[in-house]
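Reviewing the structure listed below.
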Amino acid sequence: MKLSKVWSFTLFTLFFASLPTIIVIMASFNSGAAPKFPLEGFSAHGYTDLLSDSTIRASMVRTLLVGLISVVISMPVGLLASLGLYRYRIKGRGPIGAYLILGFSVPLVVSGMAFLVLYTRTGQMGSLTLLAIAVVTVNFPFMLLSIGSSINLLNPQLEEASRTLGAERIQTFLLVTLPGLLPGVLTGSLLMFVFGTTEFLVSLILSTTANQTLPIVLFGGLRSGLQTRHAAAGGIYIAMTVLIVLMVTRSRTLDQFLFRKD
Amino acid sequence: MDAVAYGTVELDAGMKPKTDVQLSFRILDVIIRVTRGLKLGKKAYLFPYILVLPAFLLIGILALGILLMLWRGFHSFSPGENSEGGLSFDHYRELFFGYGSSFYLKTLGRTILVSIVVTLTSIMCALPVAYTITSTQNRRTRRFALIMLLVPFMMGESVRTIGWFLILGNNGALSWVTSFFGREIGLLGSIIAIWVGMLQVMFPIATLVLLPAMTKIDRDLERAARSMGGKSTQVWLRIILPLSRPGILSALLVVLTLSMTEFAIPRILGQGKHPFVANTIQQIYFERGNVNFGSALSTVLLLAVVVMVLTIGYFGKSRV
């Protein structure tokens, strides 16, 4: 009886958390030019408008690029760092680990200002690559922690077996350790992609007209008057996020991290 | 060339994986020989540092930016000429004692206060949710709950804000629903709207942070308490809450840090009437073009967060 009270509260809060998601999806299919309630009718014109709007199209391409650059940079760097940090004996693991997750501990607006100051000094504002590097740096902990929890899942006996059977260290690493880390690398990459494509505050501070990503364009829509196509862009974001969340929750890495008992 | 390299191995489609492995072994041989030649064994203790180095450099960009930002906050700046002056405390003087100082201090106070309220309410919502998720052994239920928590958190600040704008704004879902009851409620531009919008994203995060601590609680303790007549409130106050303390502490730290830097929700749902520090920083940079003054305010925000984190850490430890 008491448990069911907690359960109904949980269901209610989960519904509350999904409220904006549901509303954006509903509004994205509104037949009117602007998303408003009551909805005027069902139409997918928001989604077709999306593709004919050159500003949104260009920003979508940039957003995808930022997501891909995030993955491409953070994957090798994060793999090496998490190996050095969690797999081998390293002095100063605590401070180094704390330094590597600087992007989480510093408020995002401060990170944004830090990059702004740096990029204006070097005179490279408006570069999409530099914006992507800023986004990677801020989101880097997602990759580090994903692979880190995968390293904790490794069975050390497998590596020992490989060694005793005569494999060189590097062979053991490439053929035994690395495949074991694959789920963590995959989870980390998916997270880096999704947080790279949705990154807002740092991108906003670093944005010029030349490197606006989709979240910035949507924010501009919120300020100047929301159109159904903006809600449709939100709908695409939601579809992508749901897909990636479905993939991430399938792997054991996330469960291992969230329900860890160490 | 392939035929020479692999001797008698014939390269048809079925053999491809095998030759790949052989190729990788050839590369391995080279690597092994090189590493032996370098005699890295003696310097093996350096190896993990070399692995960490690229990440160290990557984060170094941010660290460098922060240092430069701190430096610029202490240097005067004239936006018109875009030139930098010498060392000065002008920006901090303006922030705390200048003409507009009451506005800046009020913004900082509002940011801290609303963040604390959001943090506490998020944790109050998150505790039962984390409890139910860790109570169930059903993997499907768990996964369903995780998906419901992760999607709103991962779909991005701008999309979330669009959602809340469409709920709370004019012609929004809320005013439409309440119009059936004869009264149109519009929350846009109020602190309540900011609180609701922030709570919706912060409590899933708090829940995710609470999960490890909740997992570790031995459910037999709870059963024992109930079998001896403990009421639900007693079980919560005496068993679940004390045992999930480390999780609550981490949730406090994470949610507070994230709330303090909130930007889109105060700007859109608060209609700019209740700006947070992040809004003011952006405004200073975009409208006045004064990077140094923005840096000074960022430094103040950073300091405020550090002080709050240290305070929570101190009180968190002292009572163990």
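If you read the protein sequences in the order shown, they are chains G and L.
Start counting the first sequence at 10; every next residue gets the next number (our numbering).
Start counting the second sequence at 5; every next residue gets the next number (our numbering).
Glycine included, each C-beta is placed from N, C-alpha and C at the ideal position.
The distance from the Cβ of Ala240 of chain G to that of Gly55 of chain G is about 6 Å, consistent with a contact at the 8 Å cut-off. The three-state secondary structure of Gly90 of chain L, taken from DSSP, is strand. Residue contact with chain L for Gln236 of chain G: absent (no Cβ-Cβ distance below 8 Å to any residue of chain L). Each residue's CA atom was taken as its position, placing Phe46 of chain G and Gly173 of chain L some 10 Å apart.
One Cα belongs to Leu131 of chain L, the other to Ala26 of chain G, and the distance between them is close to 15 Å. Here the segment 230-241 of chain L makes no contact with the segment 176-190 of chain L; the two share fewer than three CB pairs at distances below 8 Å. Comparing C-alpha distances from Ile221 of chain L to each of L:Ser254, L:Leu247 and L:Leu62 shows the shortest one belongs to L:Leu247. For His54 of chain G, the enclosing alpha helix (DSSP H) has its first and last residue at His54 to Ser61. One Cα belongs to Ser120 of chain G, the other to Val311 of chain L, and the distance between them is close to 18 Å. Distance from Leu210 of chain G to Val118 of chain G at the Cβ level is roughly 6 Å; contact confirmed, criterion being Cβ atoms closer than 8 Å.
A Cβ-Cβ distance of about 6 Å is found for the pair Ile285 of chain L and Ser302 of chain L, placing them in contact under the 8 Å criterion. Taking a C-beta cut-off of 7 Å against chain G, the contacting residues of the segment 212-228 of chain L are Leu212, Leu215, Pro216, Thr219 and Lys220, listed in chain order.
Boundaries of the alpha helix (DSSP H) around His239 of chain G: Thr237 to Arg259. With respect to Pro116 of chain G, Val122 of chain L sits apart: the two C-beta atoms are not nearer than 8 Å.
Residues of the segment 156-175 of chain L with a C-beta atom less than 7 Å from some C-beta of chain G are Pro156, Met158, Met159, Gly160, Glu161, Ser162, Val163, Arg164, Thr165, Ile166, Gly167, Trp168, Phe169, Leu170, Ile171 and Asn175, listed in chain order. Cα atoms of Ser136 of chain G and Gln141 of chain L: separation of roughly 49 Å, rounded to the nearest angstrom. Counting C-beta pairs closer than 8 Å gives three or more between the segment 229-249 of chain G and the segment 30-47 of chain G, which meets the contact rule. In the displayed model, His79 of chain L falls within a strand according to three-state DSSP. Assignment of Asn39 of chain G by DSSP, reduced to helix, strand and coil, places it in the strand class. Assignment of Phe51 of chain G by DSSP, reduced to helix, strand and coil, places it in the strand class. Within chain G, Pro116 have C-beta atoms less than 7 Å from the C-beta of Met264 of chain L, given in sequence order.
Fewer than three beta-carbon pairs drawn from the segment 92-104 of chain G and the segment 193-204 of chain G are found closer than 8 Å, and the two stretches are therefore not classed as touching. Selection L:Arg187, L:Thr211 and L:Ile65 evaluated against Val126 of chain G yields L:Ile65 as nearest (Cα-Cα). Distance between Ser79 of chain G and Ser159 of chain G, taken at the CA atoms: about 20 Å. Sixteen is the threshold: since fewer than 16 other Cβ atoms of the shown chains lie within 10 Å of the Cβ of Asn164 of chain G, the residue is exposed. Three or more beta-carbon pairs separated by less than 8 Å are not found between the segment 207-225 of chain G and the segment 14-28 of chain G, which leaves the two stretches without contact.
Neighbourhood of Ala240 of chain G in chain L, by CB distance below 8 Å: Ile166 and Leu170, in chain order. Going by C-alpha positions, Arg37 of chain L is about 33 Å away from Ser155 of chain G. Within its own chain, the residues whose Cβ lies closer than 7 Å to the Cβ of Val205 of chain L, once the five positions on either side in sequence are excluded, are Pro156, Phe157 and Arg164, listed in chain order. According to the DSSP assignment, Phe280 of chain L belongs to no alpha helix (DSSP H), since it is labelled neither H nor E.
Around the beta carbon of Val70 of chain G, fewer than 16 other beta carbons lie within 10 angstroms, which makes this residue exposed. Contact between Thr111 of chain L and Val281 of chain L holds: their C-beta atoms lie close to 6 Å from each other, under 8 Å.
If you look at Thr138 of chain L, you'll find it in the alpha helix (DSSP H) that goes Ser105 to Ser139. At the C-beta level, Leu124 of chain L and Ala197 of chain L stay beyond 8 Å of one another.
In the structure shown, Met134 of chain G adopts coil according to DSSP, grouped into three states.
Under the 8 Å criterion on CB atoms, Ile99 of chain G is classed as interfacial with respect to chain L.
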